[in-house]
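Throughout the sequence shown, residue numbering follows our numbering, covering 2 to 441 in sequence.
All residues carry an ideal CB built from backbone N, CA and C; glycine is no exception.
Please read all numbers here as calculations on a predicted model, not as lab measurements.
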Amino acid sequence: MSYQWHALAEAAAVEAGGAVFARSSVDPLVVGMGLDGRGQGSWHKDNHRPRPKACPLKFDVAGYTEGFPQLFYFKDAWTKISNVIFLDAPVGTGFSYARDDAGYNVTLTGLGRHLHTFLLKWLAEHQEFASNPLYIGGDSYSGYTVPVAAVDIANNNGDGHETRLNLKGYLVGNPGTDDRYEKGGKVPFLHGMGLISEEMYEAALQGCGGDFYNMPKQSSTRCATALDAIDLVTADINPVHILERFCGLALRDPGVSIFQGHGGGSGSRSLLVRDNVEHPDFFSRRKLDLPVECRDNGYRLSYIWADDAEVRVALGIHEGSIGSWSRCRNLTHFRTDIHSVIPHHVNLTKAGYRALVYNGDHDLDMTFVGTQAWIRTLKYPIVSDWSPWHSNGQVAGFTRTYAYNLTYATVKGAGHTAPEYKPKECLDMLDRWMSPSGQL
């Protein structure tokens with residue numbers, strides 16, 4: 002089921018967004034927010050339709066030769082264990098658009114309200130799902146939007162509305178949470194993964210006083226020099242998965258720092274790999290001489306598929322509502338008015354909502370080091386200490402559970418984002434977490 006949804010904005014502008022609903026035979030209802038990327042004035046991505054972690058369809062990349070890409074059934078989709086609403090947000094992402102300029106003026110806080118409004122309207126029209134357990138989920142930058150939306154629902158649930166949302170919890174993967182920890186985790190991650198030498202690590206540790214987010218003024222030159230040296234030797238590492246290759250259709254902003262805005266001479270940028278749409282062969286309908294393991298080869302197919310006229314009719318996209326579809330958009334209108342969602346995690350978990358936080362352990366953009374660092378600031382008692390969890394008889398990662406229904410997990414061998422690299426393992430993780438025991 003596909004349609005464009007409408008939410009009344011504060012400025013009385015009406016936004017239209019893309020939403021796809023995938024029905025399952027089981028009860029849980031998961032809202033997946035199709036948002037990725039980085040803060041104000043940066044690009045956001047729609048994680049290419051069909052969505053890699055949850056959608057029951059995938060592109061046949063290996064069999065593609067030319068023309069319109071074929072789809073095949075994806076047996077490890079999250080729709081196997083839950084009903085899923087795929088939501089393009091904020092307005093301007095994916096197939097979503099605003100009917101006037103005021104509708105594009107949205108903040109992170111406002112986005113949370115819009116999601117709440119959407120769910121109320123959607124459940125009013127689909128009463129058979131009103132009592133289903135509801136989970137809000139997302140990856141990457143959605144690590145900000147998911148807890149913000151969940152807090153808006155939790156604080157205003159039932160206020161002036163006949164429909165009360167049966168919110169049970171939320172899940173965030175490779176999540177953006179707070180710049181201090183996202184940036185601060187990179188040097189320890191690079192060191193732990195063997196990508197920088199012991200001497201480089203010690204120089205950075207001493208030069209920066211152990212603070213890789215705020216360079217100490219008394220040693221700013223030493224700190225900047227150490228971080229620039231690390232930049233130089235890691236420039237060709239794929240930040241979304243340090244073991245995977247860069248391919249011809251991927252693009253990173255050149256000559257800038259992995260320490261976004263660390264104050265050295267290198268400027269700032271998003272680590273996430275963008276689609277190189279300026280590549281002369283990017284929109285070609287023939288297969289380039291690229292191996293299947295080049296994920297950007299699959300991303301390229303999403304453009305061909307999403308701009309097909311018959312596909313747009315099938316998805317219910319209003320004719321003329323948007324031009325060419327883009328997996329990555331530069332949303333200069335989106336304003337980040339919240340810079341840390343750690344308080345949101347505290348409010349939700351202490352109110353009794355369940356939380357699953359997970360990382361692909363080979364992701365340099367949102368490292369497991371940084372995620373575990375902000376979780377430690379919560380000072381929650383450990384209920385079950387660090388231990389392996391398994392999928393298909395093998396260790397799939399490691400997990401730790403805390404008081405207040407907080408579960409943390411790594412996904413072994415996964416990148417940014419984890420379900421794209423390890424779909425079967427992440428499906429098992431979600432299934433077990435949503436079970437009555439909640440144990441991975």
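May I ask which residues mark the beginning and end of the beta strand (DSSP E) holding P389?
From DSSP, the beta strand (DSSP E) with P389 extends over 383-392.
Take the Cβ of T80 as the centre, count every other Cβ of all protein chains shown within 10 Å, and call the residue buried at 16 or more, exposed below.
buried
Assess contact between the region 166-173 and the region 330-338, defined as three or more Cβ pairs (one per stretch) separated by less than 8 Å. Is contact present?
no
C-beta contact flag for Y409 and V358 at 8 Å:
yes
Determine, for D308, whether the minimum Cβ-Cβ distance to residues of chain D falls below 8 Å.
As a matter of chain content, chain D is missing from the structure shown, which is built from one protein chain.
Alpha-carbon spacing of P57 relative to L428, whole angstroms:
12 Å
Excluding the 5 residues preceding and the 5 following V370 in the sequence, name in chain order all residues of the same chain whose CB lies nearer than 6 Å to its CB.
G186, P189, F190
Using a threshold of 8 Å, state whether the C-beta atoms of T368 and S141 are closer than that.
Between T368 and S141, the C-beta gap is not smaller than 8 Å, which leaves the two residues out of contact.
Which whole runs of the beta strand (DSSP E) in the region 55-105 are 3 residues long or more, in chain order?
58-60, 72-74, 84-88
What number of angstroms, rounded off, separates the C-alpha of K184 from the C-alpha of G144?
15 Å
Whose C-alpha, out of T372, Y405, F399, is nearest the C-alpha of V384?
Y405
So what's G111 in DSSP terms, helix, strand or just coil?
helix
Roughly how many angstroms lie between the CA atoms of D309 and E320, to the nearest whole one?
12 Å
What are the boundary residues of the alpha helix (DSSP H) that includes A352?
Note, A352: premise wrong, no alpha helix (DSSP H); not H, not E.
Check whether the Cβ atoms of R328 and Y354 lie closer than 8 Å to each other.
no
Give the range of the alpha helix (DSSP H) segment to which F1 is assigned.
With the chain covering 2 to 441 only, the question about residue 1 has no answer from this structure.
So for K122, helix, strand or coil by DSSP?
Here K122 sits in helix by DSSP.
Going by alpha carbons, who is nearest to M194 out of Q207, P420, G414, A78?
G414
Apart from the five residues just before and just after P208, which ones in its own chain have a Cβ nearer than 6 Å to its Cβ?
Note on identity: in this sequence residue 208 is Gly, with Pro being the wrong assignment. Within the same chain, G208 has close Cβ partners S220, R223, C224, A227.
I'd like the list of long-range same chain contacts for T1, defined as Cβ closer than 6 Å, with 5 residues on each side in sequence excluded.
Nothing in the structure corresponds to residue 1, since the chain is present only between 2 and 441.
Give me the Cα-Cα distance between S436 and P134, rounded to the nearest whole angstrom.
11 Å
Among the residues of its own chain, which have a CB less than 6 Å from the CB of D179, if the five just before and after it don't count?
S341, I343, W375
Quick one: residues in its chain with C-beta nearer than 6 Å to the C-beta of Y214, no 5 flanking neighbours on either side, listed in chain order?
R181, K184, G185
Buried/exposed call for R330, threshold 16 Cβ in 10 Å
Counting every other CB atom within 10 Å of its CB across the protein chains shown gives R330 a total of 16 or more, marking it as buried.
Return the chain-ordered list of same chain residues with a C-beta closer than 8 Å to the C-beta of S438, the five sequence neighbours on each side being excluded.
none
Can you tell which of F60, V347, A397 has its C-alpha closest to the C-alpha of T411?
Checked all of F60, V347, A397; the closest Cα to T411 is A397.
Assign K423 to one of two classes, buried (16 or more other C-beta atoms within 10 Å of its C-beta) or exposed (fewer than that).
Classification of K423: buried, given that the 10 Å Cβ count is 16 or more.
For R433, which residues of its own chain have a beta-carbon under 6 Å away from its beta-carbon, when the five flanking residues on both sides are left out?
L441
For R328, three-class secondary structure by DSSP:
coil
Helix, strand or coil for Y136, going by three-state DSSP, please let me know.
strand
Near T392, what residues of its chain come up, given a Cβ to Cβ distance below 7 Å and the 5 sequence neighbours on each side ignored?
The sequence given here has Ser at residue 392, not Thr. Contacts found: K425, E426, D429.
Please name the residue, chosen from V107, T66, W306, that lies closest to K59 on a Cα-to-Cα basis.
W306
What residues in its chain sit with their C-beta under 8 Å from that of F399, if we drop five residues either side in the sequence?
W387, S388, P389, W390, A410, T411, K413
Of the residues L116, E129, G177, the one placed nearest N158, counting alpha carbons only
L116
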